[in-house]
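Some notes on the structure that comes next.
There are 2 protein chains.
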Amino acid sequence: MKEKVKARSVPFSKTRNRHANETAEDYVEAVAEIIEESGECRVLDLARHFNVSHVTVSRIVKRLQDQQLLYSQPYRPVELTPKGAKFAKRVRERHAVVLAFLMALGVDKSSAQIDSEGIEHHVGPKTLAAMKRFLES
Amino acid sequence: MKEKVKARSVPFSKTRNRHANETAEDYVEAVAEIIEESGECRVLDLARHFNVSHVTVSRIVKRLQDQQLLYSQPYRPVELTPKGAKFAKRVRERHAVVLAFLMALGVDKSSAQIDSEGIEHHVGPKTLAAMKRFLES
DNA sequence: CAAAAAATGTAGCATGAGCTACGGTTAATG
DNA sequence: CATTAACCGTAGCTCATGCTACATTTTTTG
């Protein structure tokens, strides 16, 4: 007889959850950019953006909709909820700071673009502030 | 009327593989540190280090052994293969540079330690070189 | 406006990383 | 030296992210 599965006690320190949060940041950021560039964001736009199948995208969109970051209806474009738009704004600003910072450090644009996309998720408030100070000097 | 959104010139690598590689970096680095500090590295040392169950550790150790980065026998300490030792050296040096760099930027030690552990995995050769130049000036 | 093309959705599978429960080994110690 | 404690392995579950194959809906077009 199997026992009942107990509830998780510490949900957010673990790698799996951290990665899921990074995915949320990436998707919300991409949705905001694609809407800004082309007026609307389709599932396939995201699939091409992340170089991933549309299936992967639509499952993640569903989860982010459950988290009230995105909104979409079947066969319709993906939109940002107000919560998602605020989240996207923060993420995009942080990304812009990291990118500008790396270039100011002397990293070429191409490398800076690649590295900033990985680094941005791990830049805490203190580090972000330090990068801003550096950019202003 | 919407325009096509083209895929990024340097697309995201597949997230799952990226994460697996980060895990390899983290584990190899931790094994090297633990051996240096206490003479040997047990599965439970790693479990405590990453705040994870021993089951998770032993599965990952098994995979890294298949990749010839680690070596272990049942109920025995985990060791680095020659390949793993070289890998660990590179990873630890990069980590040290990132940590020193953040502190030199003015980030407090505690924040720098936390952020450097996330950032290190995404610091490419060009960015690493730029950080080293900064540290020397 | 019907047929073809494009876009999405669903089913079902793989792998990585997390867990608990349980059992087997090794090391400590009374 | 027999127990106990610590350590480790295996079974079997969840969830997140990948996929292909196939079904459905929307859009384009002949």
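Protein sequence lines correspond, in order, to chains A and B.
Position one of the first sequence corresponds to residue -1 (the working numbering), numbered consecutively onward.
Position one of the second sequence corresponds to residue -1 (the working numbering), numbered consecutively onward.
Note that beta-carbon positions come from the ideal geometry of N, C-alpha and C, so glycine has one too.
Fair warning: this is a prediction, and the values are worked out from it, not measured in the lab.
Cβ of residue i within 7 Å of any chain B Cβ
i, result
"A:S56", "no"
"A:I117", "yes"
"A:V29", "no"
"A:V105", "yes"
"A:S109", "yes"
"A:A5", "Low confidence applies to A:A5: its pLDDT is 35, below 50, so where it sits in the model is not reliable, and the reading given next is rough at best. For A:A5, the answer is no, since every Cβ of chain B falls outside 7 Å of its Cβ."
Proximity test, Cβ basis, 7 Å: residue i and chain A
i, result
"B:N15", "no"
"B:D113", "yes"
"B:A18", "no"
Extent of the continuous alpha helix (DSSP H) run through residue i
i, result
"B:K84", "P80 to L103"
"B:Q63", "H52 to D64"
"A:A107", "Position check: residue 107 of chain A holds Lys in this sequence, whereas Ala was assumed. First-last of the alpha helix (DSSP H) with A:K107: K107 to I117."
"A:N19", "T13 to S36"
"B:V121", "Element bounds for B:V121: n/a, residue is neither H nor E."
"B:R46", "V41 to F48"
Opposing strand residues paired with residue i [DSSP bridges]
i, result
"B:Y69", "B:E77"
Residues, ordered as in the chain, of the region 121 to 133 of chain A that lie near chain B by beta-carbon distance below 9 Å: V121, G122, P123, K124, T125, A127, A128, M129, R131 and F132
Under 7 Å (Cβ pairs) to chain B, residues found in the region 91 to 104 of chain A: L100, L103 and G104
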